[in-house]
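Trainee: Those letters in the sequence shown? Residues 5 to 426, per the numbering used here, in order.
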Amino acid sequence: MAAPCPEGDSGAVISLSPGAATRLVSATFRHRCKEPHVHTRPLSAALVLLLAACSAAPEPEPTPPPAPAAAQREPDELAETDPLLSEAGLAHATIAEAFVSAATPEDNVDSPAAWRGPDGRTWVIATAKEGKAGLIVYDGDSGERLRGVGGTGDGEGEFLRPNGIAVAGDRLLVVERDNRRVQVLALPGFETLASFGRDQLRRPYGVWVRAPGADTLDVLVTDAYMAGEDEHGDEIVPPLAELDRRVQRYRVRFGDGGATVEHLGHFGAVSAADAIRIPESLWGDEVHDRLLIAEEDIRVGTALREYTLDGQSRGRTHGLGLFRAQAEGIALWACPDGSGYWLATDQFKDRSLFHVFDRRSLEHLGAFAGETTANTDGVWLHQAGTGRFPKGVFYAVHDDMALAAFDWRDIAAALGLREDCG
5 MAAPCPEGDS GAVISLSPGA ATRLVSATFR HRCKEPHVHT RPLSAALVLL LAACSAAPEP
65 EPTPPPAPAA AQREPDELAE TDPLLSEAGL AHATIAEAFV SAATPEDNVD SPAAWRGPDG
125 RTWVIATAKE GKAGLIVYDG DSGERLRGVG GTGDGEGEFL RPNGIAVAGD RLLVVERDNR
185 RVQVLALPGF ETLASFGRDQ LRRPYGVWVR APGADTLDVL VTDAYMAGED EHGDEIVPPL
245 AELDRRVQRY RVRFGDGGAT VEHLGHFGAV SAADAIRIPE SLWGDEVHDR LLIAEEDIRV
305 GTALREYTLD GQSRGRTHGL GLFRAQAEGI ALWACPDGSG YWLATDQFKD RSLFHVFDRR
365 SLEHLGAFAG ETTANTDGVW LHQAGTGRFP KGVFYAVHDD MALAAFDWRD IAAALGLRED
425 CG
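1) Do you know how far the Cα of V179 is from the Cα of D227?
2) Which residue comes first and which comes last in the beta strand (DSSP E) that contains R364?
3) Restricting to Cα atoms, I'd like to know which of S105, D123, H368, R206 is closest to G325.
4) Between G261, R281, H386, which has its C-alpha nearest A245's C-alpha?
5) Is it buried or exposed for S365, if we count other Cβ within 10 angstroms and need 16 for buried?
6) Taking only runs of the beta strand (DSSP E) that begin and end inside the stretch 178 to 251, which ones reach a length of at least 3 residues, in chain order?
7) Please determine, among G323, Y229, K353, A170, the residue with the shortest C-alpha to C-alpha distance to P243.
8) Give me the residue from E299, I415, V401, L94 with the minimum Cα distance to T108.
9) So for P109, helix, strand or coil by DSSP?
10) Hey, how far is the Cα of E148 from the Cα of E233?
11) Going along the chain, which residues of its own chain have a beta-carbon closer than 8 Å to the beta-carbon of V52, five neighbours each way excluded?
12) Is the stretch 181 to 191 in contact with the stretch 282 to 289, if contact means three or more CB pairs nearer than 8 Å?
13) Of the choices E110, V397, E160, whose alpha-carbon is the least far from that of T196?
14) Could you tell me the distance, in whole angstroms, from the CA atom of F103 to the CA atom of A95?
15) Enumerate in chain order the residues of its own chain whose CB-to-CB distance from W119 is below 6 Å, with the five nearest sequence positions on each side excluded.
16) Under the assumption that D114 contacts K133 (Cβ atoms under 8 Å), give the Cβ distance between them as a whole number of angstroms.
17) Could you spell out where the alpha helix (DSSP H) holding A417 opens and where it closes?
18) With a threshold of 16 other CB atoms inside 10 Å of the CB of Q316, please say whether the residue is buried or exposed.
19) Relative to the C-alpha of I169, which candidate in R294, W212, E300 has its C-alpha closest?
20) Do L385 and G396 have their C-beta atoms closer together than 9 Å?
21) Leaving out five residues before and five after R328 in sequence, what residues of the same chain have Cβ atoms less than 7 Å from its Cβ?
22) Taking L150 as part of the beta strand (DSSP E), name the residues at either end of that continuous run.
23) Using the C-alpha atoms, what's the distance from S199 back to A263?
24) Out of F361, L221, F398, D301, which one is the CA nearest neighbour of V265?
25) Should P116 go down as buried or exposed, given a rule of 16 or more other Cβ atoms within 10 Å for buried?
26) Rounded C-beta distance between P166 and G138? I'm assuming under 8 Å.
27) Does the Cβ of G210 have 16 or more other Cβ atoms within 10 Å, making it buried, or fewer, making it exposed?
28) Would the beta-carbon of V360 fall within 9 Å of that of I297?
29) In whole angstroms, give me the CA-to-CA distance for G319 and D219.
30) Going by C-alpha distance, which of H292, T377, H322 is nearest G344?
31) Compare the beta carbon distance of V225 and V186 with 9 Å and say whether it is the shorter of the two.
32) If you follow the beta strand (DSSP E) that N167 is in, where does it begin and where does it stop?
33) Return helix, strand or coil for S317, following the three-state DSSP convention.
34) Of the residues F393, E84, A409, which one's Cα is nearest the Cα of D238?
35) Please report the distance separating the alpha-carbon of T321 from that of E162.
36) State the CB to CB distance for the pair I129 and L176, rounded to an integer number of angstroms; the pair is presumed to be in contact (CB under 8 Å).
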């Protein structure tokens with residue numbers, strides 16, 4: 005009998021990025037097998053009869069090996085080929101990162117948020133969708149990993165695929181996709197103060213929060229619920245009429261008796277021009293009553309949709325045709341007089357591109373990329389100075405496995421922006 009063809013095996017290729025961060029890429033190699041050469045010789049009559057009798061009972065078909073399980077793609081992972089900044093032909097400045105932290109690909113890092121403690125030290129707290137800890141705490145000036153927080157589960161202080169994250173004063177908000185909730189934690193101890201959203205949220209991702217009072221938070225959460233899967237296992241965007249719940253609204257009040265949460269409703273445009281097919285990141289501007297939400301669906305054009313803070317679509321889409329990969333993390337550099345800059349991520353796989361827009365007019369002012377930072381999901385702009393970054397710092401997740409930092413002075417110099425509000 006012919007020997008069976010060898011099964012495919014897998015190997016791994018490790019390359020070093022320009023910033024010496026390790027990137028791990030899986031590759032599969034298949035062996036080719038040839039039919040064996042069979043030597044024959046004349047058969048005796050008895051042997052011929054024996055073979056004829058055996059042929060009456062056909063051999064059972066061999067059991068095929070189990071098909072490898074296909075990794076389910078996220079709704080925003082629809083591109084057939086990886087978009088590359090090196091091939092996009094987009095003008096931009098290249099800025100060296102102040103640091104890129106040590107890589108931990110097993111954590112699947114998604115989004116960061118910065119907090120300055122009473123001792124003046126800045127922490128950057130990032131969500132880890134996988135790995136042993138739901139949150140990773142980095143030193144904001146060096147990128148050193150300080151600790152992990154929380155395990156896997158659905159209890160208080162536990163996480164299942166945490167995604168969006170935000171800081172408001174000494175409170176940390178974490179969105180968990182697979183627990184369908186938002187947890188509010190106290191800093192610096194990470195004690196759980198409140199948990200909400202399970203009655204409304206189906207596939208939550210991004211979060212933006214404002215504090216109208218010392219003990220009140222208004223919270224907006226994007227919800228990327230889908231309508232099943234197609235024959236390829238890819239998730240299906242719901243019909244337009246069902247996209248009116250893309251953002252859920254909550255109010256959280258804190259008092260001596262703990263926290264109370266009120267659900268304030270939901271919103272989302274349902275017109276072809278303004279509906280949000282695949283939402284994730286969002287950010288608000290109270291001075292200009294403006295909410296920008298990243299539309300990640302490349303089939304309709306990835307860009308930024310504009311809403312009012314109370315959920316009314318303004319019928320404006322920004323950056324359509326400018327974002328060539330996928331619109332992702334959004335941040336705002338704001339001054340009290342209403343001036344400032346919007347920063348929005350274009351998620352190229354080789355190097356992320358960060359677009360800069362005027363805060364008032366949303367005129368495009370330029371773009372920059374790091375020397376290393378790639379495939380960015382979440383970002384955070386820490387406008388307050390730190391020991392190393394006296395004019396502020398822009399944090400971005402690098403390739404699902406590290407934290408990168410850009411000195412705001414370097415960004416301002418490269419693009420002709422202001423260093424401060426003075």
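Note that beta-carbon positions come from the ideal geometry of N, C-alpha and C, so glycine has one too.
Mentor: In short:
1) Sequence index remark: in the sequence shown, residue 227 carries index 223 (1-based). Sequence index remark: in the sequence shown, residue 179 carries index 175 (1-based). Using only the alpha carbons, I get a separation of about 10 Å.
2) Taking the sequence shown and counting its residues from 1, the one referred to as residue 364 is at position 360. Here R364 belongs to no beta strand (DSSP E), and DSSP marks it neither H nor E.
3) The count along the sequence shown starts at 1 and reaches residue 325 at position 321. Out of S105, D123, H368, R206, H368 has the C-alpha closest to the C-alpha of G325.
4) Here residue 245 refers to the residue found at position 241 of the sequence shown. It is R281 whose Cα lies nearest to the Cα of A245.
5) Counted from its first residue, the sequence shown places residue 365 at position 361. With fewer than 16 Cβ atoms within 10 Å of its Cβ, S365 is classed as exposed.
6) 185 to 190, 195 to 200, 208 to 217, 220 to 227
7) What you label residue 243 is simply residue 239 of the sequence shown in a count that begins at 1. P243 has its Cα closest to that of Y229, out of G323, Y229, K353, A170.
8) The residue you call residue 108 lines up with position 104 of the sequence shown. The option with the nearest alpha carbon to T108 is V401.
9) Reading the sequence shown from its first residue, position 105 is the one you call residue 109. In the structure shown, P109 sits in a helix (DSSP, three-state: H, G or I).
10) Within the sequence shown, residue 148 is the residue found at index 144, counting from 1. Within the sequence shown, residue 233 is the residue found at index 229, counting from 1. Rounded to whole angstroms, E148 to E233 spans 41 Å at the Cα level.
11) Position 48 of the sequence shown holds residue 52. For V52, the predicted model reports a pLDDT of 37, less than 50, meaning its position is unreliable; a value from the coordinates is still stated below. Counting only Cβ-Cβ distances below 8 Å, and skipping sequence neighbours, we find nothing.
12) no
13) On the sequence shown, position 192 is the one that residue 196 refers to. Nearest C-alpha to T196 among E110, V397, E160: E160.
14) Position 99 of the sequence shown, counted from the start, is the residue given in the question as residue 103. Position 91 of the sequence shown, counted from the start, is the residue given in the question as residue 95. F103 and A95: Cα-Cα distance of roughly 24 Å.
15) As a first step, residue 119 is located in the sequence shown; it is residue number 115 there, counting from the start. Cβ neighbours of W119 beyond the five flanking positions: W127, V171, L191.
16) Residue 114 sits at position 110 when you count from the first residue of the sequence shown. Residue 133 sits at position 129 when you count from the first residue of the sequence shown. The Cβ separation is near 5 Å, so the contact holds.
17) Residue 417 sits at position 413 when you count from the first residue of the sequence shown. Where A417 is concerned, the enclosing alpha helix (DSSP H) stretches over 412 to 419.
18) Taking the first residue of the sequence shown as 1, we reach residue 316 at position 312. Taking all protein chains in view, the Cβ of Q316 is surrounded by fewer than 16 other Cβ atoms within 10 Å, so the residue is classified as exposed.
19) As a first step, residue 169 is located in the sequence shown; it is residue number 165 there, counting from the start. Residue W212 is the option with its Cα nearest to I169.
20) By one-based count along the sequence shown, residue 385 stands at place 381. By one-based count along the sequence shown, residue 396 stands at place 392. Cβ atoms of L385 and G396: closer than 9 Å.
21) Taking the sequence shown and counting its residues from 1, one reaches residue 328 at position 324. Correct list, in chain order: P87, A92, L94, D350.
22) As a working note, residue 150 is residue 146 in the sequence shown. Note, L150: beta strand (DSSP E), 149 to 153.
23) Looking up residue 263 in the sequence shown gives position 259. Looking up residue 199 in the sequence shown gives position 195. One alpha carbon belongs to A263, the other to S199, and they sit about 9 Å apart.
24) Walking along the sequence shown from the start, residue 265 turns up at place 261. Ranking the options by Cα distance to V265, first place goes to L221.
25) Within the sequence shown, numbered from 1, the residue matching residue 116 stands at position 112. It counts as buried.
26) Along the sequence shown, read from residue 1 onward, the residue named residue 166 stands at position 162. Along the sequence shown, read from residue 1 onward, the residue named residue 138 stands at position 134. Right, their Cβ atoms sit about 5 Å apart.
27) Working through the sequence shown from its first residue, we reach residue 210 at position 206. That one is buried.
28) Translated into positions along the sequence shown, residue 360 becomes position 356. Translated into positions along the sequence shown, residue 297 becomes position 293. Cβ atoms of V360 and I297: not closer than 9 Å.
29) On the sequence shown, residue 319 is found 315 positions in, with the first residue counted as 1. On the sequence shown, residue 219 is found 215 positions in, with the first residue counted as 1. Going from the Cα of G319 to the Cα of D219 covers about 34 Å.
30) Position 340 of the sequence shown holds residue 344. The candidate whose alpha carbon is nearest that of G344 is H292.
31) Position 221 of the sequence shown, counted from the start, is the residue given in the question as residue 225. Position 182 of the sequence shown, counted from the start, is the residue given in the question as residue 186. Yes, they are a contact pair.
32) Mapped onto the sequence shown, residue 167 falls at position 163. Taken as a continuous stretch (DSSP letters only), the beta strand (DSSP E) holding N167 covers 166 to 172.
33) One-based indexing of the sequence shown puts residue 317 at position 313. Strand.
34) One-based indexing of the sequence shown puts residue 238 at position 234. Among F393, E84, A409, the Cα nearest to that of D238 is on E84.
35) Here residue 321 refers to the residue found at position 317 when the sequence shown is read from its first residue. Here residue 162 refers to the residue found at position 158 when the sequence shown is read from its first residue. Their backbone Cα atoms lie some 37 Å apart in a straight line.
36) Here residue 129 corresponds to residue number 125 of the sequence shown, with the count starting at 1. Here residue 176 corresponds to residue number 172 of the sequence shown, with the count starting at 1. Between L176 and I129 the Cβ distance is about 6 Å, and since that is below 8 Å, they are a contact.
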